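Residue numbers (our numbering): 246 to 920.
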């Protein structure tokens with residue numbers, strides 16, 4: 246038995262292709278059927294690595310009587326939220342407007358015109374049957390009331406974000422005291438014991454720590470910097486990090502980074518590569534280097550397409566159990582580690598009865614390598630070598646288990662985050678393999694996923710499909726800018742510029758200067774949404790604003806700079822009020838307080854000098870390098886024969902110098918004026 250999902254590229258939709266439910270993919274066939282037959286639409290949204298999505302499928306969607314009830318009374322549509330974040334955004338907001346809790350699986354009931362009237366997340370089978378019966382009865386007997394409710398929710402969904410939050414463009418000055426308040430306001434919730442913000446579940450939220458790292462550096466505030474590094478250390482020691490195989494899970498269910506929700510998402514790991522690489526560049530702490538190297542090894546080993554792109558996600562489940570692939574009994578470990586079991590158990594908090602559920606252990610580090618080496622009579626080098634040897638052995642043993650499901654679609658925006666992470670890792674560690682991986686990844690996106698000037702979101706089986714959303718354009722443009730800063734081939738800047746022109750042409754709302762998440766000129770939806778809040782993935786608008794700022798400085802383009810400024814000034818009241826949820830915007834605000842340095846490195850050896858300049862990580866710079874005279878505006882009128890470094894601000898240059906240290910001394914800090 247198969248349904249209409251069997252021809253889908255999506256692993257998630259294919260997982261439901263053999264359900265007795267008569268699922269449709271989102272499209273005109275299903276939407277027209279609902280209108281012709283005057284049936285309510287059931288939209289069920291999830292993704293391949295979603296644990297509770299699998300649970301609801303097994304309980305309800307694989308059950309013949311439940312499926313018969315769904316088929317008789319509803320037009321049933323399955324959506325992969327990773328393929329269609331626009332639809333997920335619309336219907337998630339609808340459920341929240343209804344006063345209900347959001348999450349996945351997301352199940353929403355619509356009138357035939359696509360407007361929602363009821364919804365929720367996971368429903369146990371018993372409750373699901375009651376809801377199906379109740380809604381089918383109400384649709385027949387109380388149609389007008391349901392329709393009136395749906396019209397109200399539809400109106401709410403179309404409420405513009407500027408109206409919703411009372412935003413209007415105002416001229417403002419960028420003040421150092423205000424950006425300090427933003428940073429310290431976030432840190433009011435800092436968890437002094439475990440790092441991160443004091444809450445459970447605990448998400449990595451890279452954009453928060455990226456802002457605070459930049460703020461700490463530019464404010465010369467060691468306390469802030471130490472809190473960022475402490476957070477990353479605890480994260481890297483936690484169960485949220487795969488201590489054997491590398492890579493981070495999506496979040497921990499507790500406040501200690503201990504027990505993860507075991508799915509691994511590409512976007513998290515790309516952003517965390519950026520962050521850990523910057524942390525290593527500033528601290529030279531080899532612990533961060535280890536996490537960078539192990540995570541890239543995992544990406545290359547388990548997540549990489551043969552042509553250099555990366556797959557979307559790994560499931561949390563294997564053999565029908567969440568986390569089973571990653572956890573160990575004491576007896577298993579003892580059988581493989583022999584005489585080293587004592588210190589290994591102490592390092593990772595292994596208990597004979599298990600430190601987690603059902604007698605299993607999650608590898609969870611508390612003590613440092615230095616402490617453990619000293620306590621157990623090893624030199625630090627010997628301890629690390631022994632640990633590496635045992636981790637390699639256990640990884641090989643673990644690889645023979647049933648692997649978690651791989652979602653092998655390629656998502657352009659998520660690959661953009663990984664490309665940026667690989668670029669930053671290369672700058673921090675100078676491993677040429679990382680440059681090669683970054684370049685192959687960016688090249689794949691450009692050659693396979695940009696067609697006739699338009700970016701596509703998804704790629705699988707040599708087919709690129711689904712026009713990209715703002716978040717995809719933003720992440721890819723950022724990745725191309727970062728790729729330029731490791732190879733100094735200006736084609737990457739021009740590619741970033743061409744995609745940015747597409748964003749301006751297709752996504753801009755001229756009434757407020759913000760960009761829609763979906764292309765309003767494309768498929769007609771019941772609402773065109775904008776996203777401004779920075780979440781586990783920063784808002785497409787905040788990333789795009791920073792992209793326009795960087796491009797404006799590379800190309801001396803006033804339109805780009807004005808576009809970025811207008812966006813920042815519009816959302817400024819929200820940044821000041823809720824910096825935790827506007828952290829990438831706050832970072833852009835910081836960049837306006839401490840002006841972005843326009844750096845041109847000219848002449849013979851310029852590329853090597855540029856790498857040297859960037860190896861310690863300095864916020865708020867755009868850097869170009871060339872050995873020849875170049876037409877790129879930031880490089881124009883700067884003679885390449887002189888082998889000089891130019892540090893400029895708003896096209897006005899400081900005294901050219903020939904030593905990197907002298908150029909670095911020209912970079913301003915938060916409490917400086919331009920030196």
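A virtual CB, placed ideally from N, CA and C, is assigned to each residue, including glycine.
Note that this is a predicted model, so its numbers are computed, not measured.
- With contacts defined by Cβ atoms closer than 9 angstroms, residue 491 and residue 573 do not form a contacting pair.
- For residue 761, there is no enclosing beta strand (DSSP E), since its DSSP letter is neither H nor E.
- Between residue 388 and the set 283, 297, 483, the nearest pair of CA atoms involves 283.
- Nearest neighbour of residue 480 by Cα position, chosen from 625, 375, 740, 503, turns out to be 503.
- The alpha-carbon of residue 637 is positioned some 20 angstroms away from that of residue 615.
- In the DSSP assignment, residue 274 is bridged to no other residue.
- Here the alpha carbons of residue 443 and residue 601 stand approximately 22 angstroms from one another.
- Residue 803 is classed as exposed because its beta carbon has fewer than 16 other beta carbons within 10 Å across all chains shown.
- Excluding five sequence positions before and after residue 883, the CB atoms of its chain that fall closer than 7 angstroms to its own CB belong to 845, 847, 891, given in chain order.
- Rounded to whole angstroms, residue 520 and residue 526 show a C-alpha spacing of 10 angstroms.
- Inclusion of residue 763 and residue 791 in the CB contact set at 9 angstroms is not warranted, their separation being larger than that value.
- Under DSSP, the beta-bridge partners assigned to residue 567 are 562.
- Counting the other Cβ atoms within 10 Å of the Cβ of residue 331 gives 16 or more, which makes it buried.
- From the listed residues 450, 414, 482, 299, the smallest Cα separation to residue 439 is found for 482.
- The Cβ-Cβ distance between residue 463 and residue 915 falls below 9 angstroms.
- For residue 871, the secondary structure class from DSSP, reduced to helix, strand or coil, is strand.
- When only Cα atoms are considered, residue 514 and residue 392 end up about 43 angstroms apart.
- Burial of residue 326 is indicated by the presence of at least 16 other C-beta atoms within 10 angstroms of its C-beta.
- Residue 821 and residue 460 have their C-alpha atoms spaced approximately 15 angstroms apart.
- In the DSSP assignment, residue 397 falls within the unbroken alpha helix (DSSP H) covering 388-402.
- In this structure the segment 629-649 does not touch the segment 687-703; the number of beta carbon pairs closer than 8 angstroms is below three.
- In the DSSP assignment, residue 572 falls outside any alpha helix (DSSP H), carrying neither H nor E.
- CA-CA distance, residue 255 to residue 655, rounds to 10 angstroms.
- Collapsing the DSSP output to three states places residue 644 in coil.
- Nearest neighbour of residue 472 by Cα position, chosen from 454, 488, 486, 465, turns out to be 454.
- Excluding five sequence positions before and after residue 669, the CB atoms of its chain that fall closer than 6 angstroms to its own CB belong to 519, 522, given in chain order.
- Contact between residue 794 and residue 809 holds, with the beta-carbon distance rounding to 4 angstroms and staying under 8 angstroms.
- For the 9 angstroms CB-CB criterion, residue 349 and residue 511 do not form a contact.
- Within the DSSP bridge table, the entry for residue 842 names 866 as partners.
- Membership of residue 428 in the alpha helix (DSSP H) is indicated by the continuous run 421-432.
- Looking at the DSSP output, residue 445 bridges to nothing.
- Between the C-alpha atoms of residue 840 and residue 500 there is a straight-line separation of about 37 angstroms.
- The beta strand (DSSP E) runs lying completely inside the segment 674-754 and spanning 3 residues or more are 699-705, 708-712, given in chain order.
- When the Cα atoms are used, residue 359 and residue 286 turn out to be separated by approximately 7 angstroms.
- Residue 907 carries a helical assignment under DSSP once its states are collapsed to helix, strand and coil.
- Shown here, residue 417 sits in coil according to DSSP, grouped into three states, outside any helix or strand.
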